[in-house]
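Peer 1: Just so you know, the protein sequences line up as chains V and Y, in that order. Note that the first sequence covers residues 1 to 511 in full-length UniProt numbering. Note that the second sequence covers residues 1 to 511 in full-length UniProt numbering. By construction, the Cβ of each residue, glycine as well, lies at the ideal position given by its N, Cα and C atoms. Predicted model only: the values in this text are computed from it and were never measured. I'd like to ask some things about the structure below.
Protein chains: 2
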Amino acid sequence: MTVPSQAHTSLTSSQVARNFSSKSSPSAKTGGDMEKERTDKSAVKVPKGTRDWVGSDIKIRDRIFKAAEDAFSRHGGVALDTPVFELKSILAGKYGEDSKLIYELADQGGEDLALRYDLTVPFARWLAMNSTQQIKRYHIAKVYRRDQPAIARGRMREFYQCDFDIAGEYDSMIPDAEILRIAYEVFSTLGLAKDVTVKINHRKILDGLFAVAGVPDDKIRSISSAVDKLDKMSPEEVKKEMTEKGLEGSVADEILEWTKYNGDIPKILELLKNNEKMFANEKIKQGIDEMSLLHNYLDAYGIADQVSFDLALARGLDYYTGLIYEVVIELSAKDRSAETRVGSIAAGGRYDNLVGMYGRKQIPCIGISFGVDRIFTILKARHEKEKQKVRGSDVYVMVFGGKNGLLVERMGIARLLWDAGISAEFSPKVKPRLPQQFKAAETGGIPLAVIVGEDELKAGKVKVKVMGLPDGHPEKEGKLIDKTDLAAECKRLLAEDAQQANGDQALPIRN
Amino acid sequence: MTVPSQAHTSLTSSQVARNFSSKSSPSAKTGGDMEKERTDKSAVKVPKGTRDWVGSDIKIRDRIFKAAEDAFSRHGGVALDTPVFELKSILAGKYGEDSKLIYELADQGGEDLALRYDLTVPFARWLAMNSTQQIKRYHIAKVYRRDQPAIARGRMREFYQCDFDIAGEYDSMIPDAEILRIAYEVFSTLGLAKDVTVKINHRKILDGLFAVAGVPDDKIRSISSAVDKLDKMSPEEVKKEMTEKGLEGSVADEILEWTKYNGDIPKILELLKNNEKMFANEKIKQGIDEMSLLHNYLDAYGIADQVSFDLALARGLDYYTGLIYEVVIELSAKDRSAETRVGSIAAGGRYDNLVGMYGRKQIPCIGISFGVDRIFTILKARHEKEKQKVRGSDVYVMVFGGKNGLLVERMGIARLLWDAGISAEFSPKVKPRLPQQFKAAETGGIPLAVIVGEDELKAGKVKVKVMGLPDGHPEKEGKLIDKTDLAAECKRLLAEDAQQANGDQALPIRN
Chain V
1 MTVPSQAHTS LTSSQVARNF SSKSSPSAKT GGDMEKERTD KSAVKVPKGT RDWVGSDIKI
61 RDRIFKAAED AFSRHGGVAL DTPVFELKSI LAGKYGEDSK LIYELADQGG EDLALRYDLT
121 VPFARWLAMN STQQIKRYHI AKVYRRDQPA IARGRMREFY QCDFDIAGEY DSMIPDAEIL
181 RIAYEVFSTL GLAKDVTVKI NHRKILDGLF AVAGVPDDKI RSISSAVDKL DKMSPEEVKK
241 EMTEKGLEGS VADEILEWTK YNGDIPKILE LLKNNEKMFA NEKIKQGIDE MSLLHNYLDA
301 YGIADQVSFD LALARGLDYY TGLIYEVVIE LSAKDRSAET RVGSIAAGGR YDNLVGMYGR
361 KQIPCIGISF GVDRIFTILK ARHEKEKQKV RGSDVYVMVF GGKNGLLVER MGIARLLWDA
421 GISAEFSPKV KPRLPQQFKA AETGGIPLAV IVGEDELKAG KVKVKVMGLP DGHPEKEGKL
481 IDKTDLAAEC KRLLAEDAQQ ANGDQALPIR N
Chain Y
1 MTVPSQAHTS LTSSQVARNF SSKSSPSAKT GGDMEKERTD KSAVKVPKGT RDWVGSDIKI
61 RDRIFKAAED AFSRHGGVAL DTPVFELKSI LAGKYGEDSK LIYELADQGG EDLALRYDLT
121 VPFARWLAMN STQQIKRYHI AKVYRRDQPA IARGRMREFY QCDFDIAGEY DSMIPDAEIL
181 RIAYEVFSTL GLAKDVTVKI NHRKILDGLF AVAGVPDDKI RSISSAVDKL DKMSPEEVKK
241 EMTEKGLEGS VADEILEWTK YNGDIPKILE LLKNNEKMFA NEKIKQGIDE MSLLHNYLDA
301 YGIADQVSFD LALARGLDYY TGLIYEVVIE LSAKDRSAET RVGSIAAGGR YDNLVGMYGR
361 KQIPCIGISF GVDRIFTILK ARHEKEKQKV RGSDVYVMVF GGKNGLLVER MGIARLLWDA
421 GISAEFSPKV KPRLPQQFKA AETGGIPLAV IVGEDELKAG KVKVKVMGLP DGHPEKEGKL
481 IDKTDLAAEC KRLLAEDAQQ ANGDQALPIR N
């Protein structure tokens with residue numbers, strides 16, 4: 001406890017946070033990097049595909065959470081938090097061939113358990129268990145997939161999902177439009193609204209298209225999943241997959257002809273209506289009616305322009321039954337880098353049959369899931385490009401001169417500041433040197449110094465100094481004030497500092 | 001999508017939240033209750049010893065998180081978030097015989113993994129992995145123990161921990177005092193400061209006492225764990241355990257004589273100093289010096305009176321090396337019930353050797369862990385006793401009269417409110433009836449209604465009405481205002497409402 005600490009290791013916590021932040025980019029700190037290390041009994045590391053979050057990374061992450069939670073609350077959303085594991089039987093049969101990616105718990109007696117794979121199935125389980133018929137719920141939590149990690153592209157084995165779902169009987173397309181509005185609000189708060197496009201499609205239209213083109217009923221889902229690959233594969237490759245799945249070449253060609261189209265909702269609806277064969281299909285007709293209604297509602301919400309009706313959007317999951325969507329980000333060339341080529345950053349759709357799979361009741365649902373880790377990657381890249389300051393505590397309490405370190409007096413000043421809700425630190429040494437204290441405040445990004453001296457204290461006074469003022473500034477030397485005015489003066493100076501920081505677009509210090 | 005919903009099931013989300021809140025007390029919704037059900041393949045439930053959190057329970061829980069995070073930030077704390085599972089080798093050898101309570105993951109190829117058992121070992125692992133020498137870190141997350149659940153007493157298999165730790169070389173007792181100050185600040189923010197006592201003791205003094213009384217070195221930890229049971233067992237039973245562990249009856253008697261003492265720090269230090277045999281022991285002397293220093297610092301922090309030096313406090317964990325503490329709550333008789341008999345609600349101590357167990361470096365640490373679920377139980381009981389209102393969204397947008405439901409117009413009004421940061425809901429029906437809309441707003445605890453009518457809208461006006469005003473109130477019928485003034489007027493009325501709610505000590509709606 002009394003071993004003297006070296007100045008260069010004795011950082012303030014905020015400084016430590018900054019140091020770690022720069023080291024904690026996904027590419028530098030995750031378990032995935034250590035793949036080659038193999039399981040070594042004495043290894044001190046995180047499991048493969050996972051990471052620690054610390055310091056300013058958490059501040060950026062929390063900005064995403066707050067943008068989402070604020071939007072969810074504005075729309076009457078209720079928070080739900082479920083256990084990290086579920087009974088295995090709850091997850092069984094929900095994920096098709098991806099079920100092999102589920103983490104199972106060891107059999108140590110008792111129930112068979114598995115870590116949650118997403119937040120949708122736990123929500124469906126909760127709906128099935130409870131008597132509610134209608135709810136807007138949100139849930140932000142980590143989910144688990146035993147996938148091959150791809151750290152640079154943001155694919156981890158433990159990662160965040162941030163879900164908003166509307167469950168219950170509503171008049172047609174009302175919740176569907178609200179979900180898209182919420183997506184817009186979240187990205188707008190994060191300053192990304194201009195960079196994103198919301199691709200939408202409708203499973204009824206897509207399935208109708210397939211049927212009219214000549215896909216047999218039992219092949220519709222598997223052909224749909226081939227179409228889903230059009231954003232990663234060439235049309236030729238997708239055609240090959242479709243013919244391998246048993247389609248005639250001409251059928252595949254007709255599908256690929258239609259999936260070229262995208263644009264605003266009226267334009268695509270016009271195309272479909274003008275094609276007699278398509279317009280005669282009952283499913284397509286229903287889809288057209290719903291999309292037309294949706295367009296009216298999106299217009300009322302002022303977001304019709306944000307949406308692109310894209311007939312190539314298919315979405316992988318089987319359980320969607322109506323509207324589907326994917327928010328994609330188009331970064332300007334200067335913003336593009338390996339870390340920010342992230343593809344879709346939110347996605348979801350209507351799933352009216354999932355809750356019914358638990359055999360208790362049927363509740364139609366629609367939901368969206370925000371890809372927190374991908375959005376984080378984008379915001380962090382911007383943050384670093386703009387060299388935004390991350391600020392530490394509000395005040396560093398220092399001692400100057402005198403033959404003792406006035407530790408108890410510094411504690412008293414810190415207490416006075418804490419009582420006023422101001423964050424304050426001081427040197428953890430009984431007799432610290434002044435340059436060390438200034439250095440700690442500087443490296444910690446702390447904007448104010450309160451300097452305690454023996455004579456000044458006797459007169460009931462302390463000195464307050466704004467850090468980092470240029471030489472020659474009239475307040476460079478700080479000013480002596482009454483101890484009783486200290487908290488108020490610090491608050492005033494901090495408010496000024498916050499205003500300035502806002503101008504600089506620095507991250508806010510407090511949530 | 002067009003199936004008409006029944007009025008009584010068509011609740012607003014805030015109403016649903018309230019309903020669920022009352023059903024979601026630990027005794028009603030957890031997996032523990034279903035023990036007798038046995039693992040049934042078709043069971044739709046949460047795993048044993050876990051629970052879902054929803055609605056107003058989450059609001060109460062978030063108050064605890066916020067009180068803690070605010071205090072941690074005021075003291076320069078940095079957030080850390082680690083994976084839910086660790087390599088098994090990281091957890092091995094840290095928990096003694098409690099290791100059998102660790103949840104292991106199934107062997108599906110790859111690394112051997114286990115769910116975290118607490119937040120201290122992941123922190124020690126992080127310290128060992130990284131270059132930091134000094135940090136104040138906090139971590140709020142769930143931990144996992146395969147214990148027998150005791151729901152009524154708040155013992156779950158998945159439960160929250162909320163930890164603050166100070167790592168690094170500091171001058172003696174400076175971080176120790178700060179940890180106790182932080183505990184005080186957290187409970188003070190939660191309105192519990194008057195009800196809690198912080199019991200403290202020092203492992204050096206305790207070990208010295210045992211040695212002087214005649215306990216052999218190799219029995220000190222096991223005798224310490226017998227003393228730890230004095231809060232649950234009678235002195236006679238503890239004596240029996242000590243003699244069974246091989247102590248002479250007279251040695252056990254001398255220990256039990258000393259463990260009777262508690263009181264303020266100077267009083268207990270005086271007792272020890274006045275006993276020649278005790279004062280001659282080197283460990284006790286060191287402990288006395290440290291406790292005396294601690295007293296000075298607690299005095300500077302204004303919390304010396306909150307602390308009781310209790311020689312019977314031993315704490316179970318082996319790894320503590322210095323100051324140990326436990327925050328206990330003494331509820332007045334009227335507050336006591338089965339749910340609120342919870343014992344200690346925060347605890348911790350100094351552990352200077354744990355990080356060194358990973359063989360990389362030694363960093364002294366001290367920490368505290370807040371028992372979120374236990375504190376939650378107390379706050380929830382108070383909350384219910386005081387019948388505090390949980391408020392829903394800010395505004396319910398209604399349509400009145402006319403031959404159509406003005407849905408798009410209601411959407412436009414909601415959009416205008418959302419844009420201004422005001423939370424707003426409206427009926428999810430194309431043509432809702434007015435009484436249904438009022439009922440939804442009332443049951444949802446929504447304070448404002450905005451009423452849209454065809455003629456008024458044409459004149460650019462809407463009506464704003466404060467809900468729940470008594471008959472005869474001058475503003476009972478609401479007032480007609482320009483649509484352009486709507487957001488400002490709602491904000492004004494909401495600010496008034498919030499002020500009144502504060503007077504009633506209602507829970508704040510926003511974080």
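Whose C-beta lies closer than 7 angstroms to the C-beta of K431 of chain Y among residues of the same chain, with five residues either side of it excluded?
Peer 2: N404, G405.
Peer 1: Between F159 of chain V and chain Y, is there a C-beta pair that is closer than 8 angstroms?
Peer 2: Chain Y contact via Cβ: absent.
Peer 1: So R203 of chain V and G322 of chain V are supposed to be a Cβ contact under 8 angstroms. How far apart are they, rounded?
Peer 2: The Cβ separation is near 6 angstroms, so the contact holds.
Peer 1: Does the pairing of the stretch 466-482 of chain Y with the stretch 420-430 of chain Y give three or more beta-carbon distances under 8 angstroms?
Peer 2: Contact fails: fewer than three Cβ-Cβ distances are below 8 angstroms.
Peer 1: Among the candidates V:R155, V:I58, V:K239, V:I268, whose CA atom is the shortest distance from the CA of residue 513 of chain V?
Peer 2: A question about residue 513 of chain V goes unanswered here, because the residues of chain V that appear run from 1 up to 511.
Peer 1: Roughly how many angstroms lie between the CA atoms of V462 of chain Y and K380 of chain Y, to the nearest whole one?
Peer 2: Between V462 of chain Y and K380 of chain Y, the C-alpha separation is close to 39 angstroms.
Peer 1: Can you grab the Cα-Cα spacing for the pair A420 of chain V / A106 of chain V, in whole Å?
Peer 2: One C-alpha to the other measures close to 50 angstroms.
Peer 1: Could you pull the start and end residues of the alpha helix (DSSP H) that S308 of chain Y belongs to?
Peer 2: First-last for S308 of chain Y: 307-310, but that is the beta strand (DSSP E), not the alpha helix (DSSP H).
Peer 1: Compare the C-beta of E97 of chain Y with all C-beta atoms of chain V and state if any pair is closer than 8 angstroms.
Peer 2: No, E97 of chain Y does not count as interfacial toward chain V.
Peer 1: Quick test of your reading: M411 of chain V and K45 of chain Y, contact by CB under 8 angstroms. State the CB separation rounded to the nearest angstrom.
Peer 2: With a Cβ gap of about 51 angstroms, M411 of chain V and K45 of chain Y do not count as contacting.
Peer 1: What do you reckon, are the CB atoms on W126 of chain V and L91 of chain V nearer than 8 angstroms?
Peer 2: Not in contact: W126 of chain V and L91 of chain V (Cβ atoms no closer than 8 angstroms).
Peer 1: Does the CB of G110 of chain Y have a neighbour CB from chain V at under 8 angstroms?
Peer 2: Chain V contact via Cβ: present.
Peer 1: Identify the continuous beta strand (DSSP E) that holds S369 of chain V and give its terminal residues.
Peer 2: Segment 365-370, the beta strand (DSSP E) holding S369 of chain V.
Peer 1: Could you tell me if S393 of chain Y is buried or exposed, where buried requires 16 or more neighbouring beta carbons within 10 angstroms of its beta carbon?
Peer 2: Its Cβ being crowded by 16 or more others within 10 Å, S393 of chain Y is buried.
Peer 1: Between the C-alpha atoms of E122 of chain Y and S344 of chain Y, what's the straight-line distance to the nearest angstrom?
Peer 2: Going by the sequence as given, residue 122 of chain Y is Pro instead of Glu. So the two alpha carbons sit approximately 23 angstroms from each other.
Peer 1: Is the CB of I58 of chain Y under 8 angstroms away from at least one CB in chain V?
Peer 2: For I58 of chain Y, the answer is yes, since a Cβ of chain V falls inside 8 angstroms of its Cβ.
Peer 1: Taking 8 angstroms as the CB-CB cut-off, is A304 of chain V touching chain Y?
Peer 2: By this cut-off, A304 of chain V is not an interface position.
Peer 1: Between Y:K94, Y:A280, Y:I303, Y:I174, which lies nearest to K199 of chain Y when the distance is taken from Cα to Cα?
Peer 2: Cα-wise, what sits closest to K199 of chain Y is Y:I303.
Peer 1: Determine contact between the stretch 257-275 of chain V and the stretch 283-299 of chain V, defined as no fewer than three beta-carbon pairs at a distance below 8 angstroms.
Peer 2: Segments in contact, yes.
Peer 1: Would S73 of chain V pass as an interface residue toward chain Y - the criterion being a Cβ-Cβ separation below 8 angstroms?
Peer 2: By this cut-off, S73 of chain V is an interface position.
Peer 1: Just the chain V side, please: which residues come within less than 9 angstroms of K45 of chain Y by C-beta, in chain order?
Peer 2: Those are L87, I90, R125, M129, listed as they occur along chain V.
Peer 1: Find the nearest neighbour of V307 of chain Y within the set Y:R181, Y:K48, Y:G453, judged by alpha-carbon distance.
Peer 2: Considering only alpha carbons, the answer is Y:R181.
Peer 1: Could you give the C-beta distance for F85 of chain V and A114 of chain V, rounded to a whole number, given that I count them as a contact under 8 angstroms?
Peer 2: Between A114 of chain V and F85 of chain V the Cβ distance is about 6 angstroms, and since that is below 8 angstroms, they are a contact.
Peer 1: Excluding the 5 residues preceding and the 5 following L417 of chain V in the sequence, name in chain order all residues of the same chain whose CB lies nearer than 7 angstroms to its CB.
Peer 2: Excluding residues within five positions, the ones whose Cβ falls inside 7 angstroms are V395, A424, A487, C490.
Peer 1: Report yes if the C-beta of R374 of chain V is less than 7 angstroms from at least one heavy atom of the ligand NAP; otherwise report no.
Peer 2: With respect to the ligand NAP, the structure shown offers nothing to examine, as it has no ligands at all.
Peer 1: With three or more beta-carbon pairs closer than 8 angstroms as the criterion, would you say the stretch 360-379 of chain Y touches the stretch 159-174 of chain Y?
Peer 2: Enough Cβ pairs lie closer than 8 angstroms, so yes.
Peer 1: Spell out whether any CB of chain V is found under 8 angstroms from the CB atom of M357 of chain Y.
Peer 2: Chain V, which has no Cβ nearer than 8 angstroms to the Cβ of M357 of chain Y, makes this no.
Peer 1: Quick one: which chain Y residues come within Cβ less than 8 angstroms of S423 of chain V?
Peer 2: By Cβ distance, chain Y contributes S73, R74, H75, G76.
Peer 1: Looking at I64 of chain Y: is its Cβ nearer than 8 angstroms to the Cβ of L190 of chain Y?
Peer 2: Yes, the pair counts as a contact, with Cβ atoms nearer than the cut-off.
Peer 1: Is it buried or exposed for A280 of chain Y, if we count other Cβ within 10 angstroms and need 16 for buried?
Peer 2: So A280 of chain Y counts as exposed.
Peer 1: Taking the beta strand (DSSP E) that L113 of chain V falls in, what are its first and last residues?
Peer 2: Note, L113 of chain V: beta strand (DSSP E), 113-115.
Peer 1: Hey, is L313 of chain Y's beta-carbon within less than 8 angstroms of any beta-carbon in chain V?
Peer 2: Answer no: the Cβ-Cβ gap between L313 of chain Y and chain V never drops below 8 angstroms.
Peer 1: Helix, strand or coil for Q362 of chain V? Go by DSSP, reduced to three states.
Peer 2: Residue state, collapsed to three classes: coil.
Peer 1: By how many angstroms is the C-alpha of R137 of chain Y removed from the C-alpha of V464 of chain V?
Peer 2: Roughly 28 angstroms separates the two Cα atoms.
Peer 1: Please confirm if the stretch 232-252 of chain V is in contact with the stretch 208-223 of chain V, defined as three or more CB-CB distances below 8 angstroms between the two stretches.
Peer 2: Contact between the stretch 232-252 of chain V and the stretch 208-223 of chain V is present, because at least three Cβ pairs lie under 8 angstroms.
Peer 1: Do you know how far the Cα of G168 of chain V is from the Cα of M1 of chain Y?
Peer 2: Confidence at M1 of chain Y is low in this model, with a pLDDT of 32, below 50, so the placement of that residue is unreliable and no value is reported for it.
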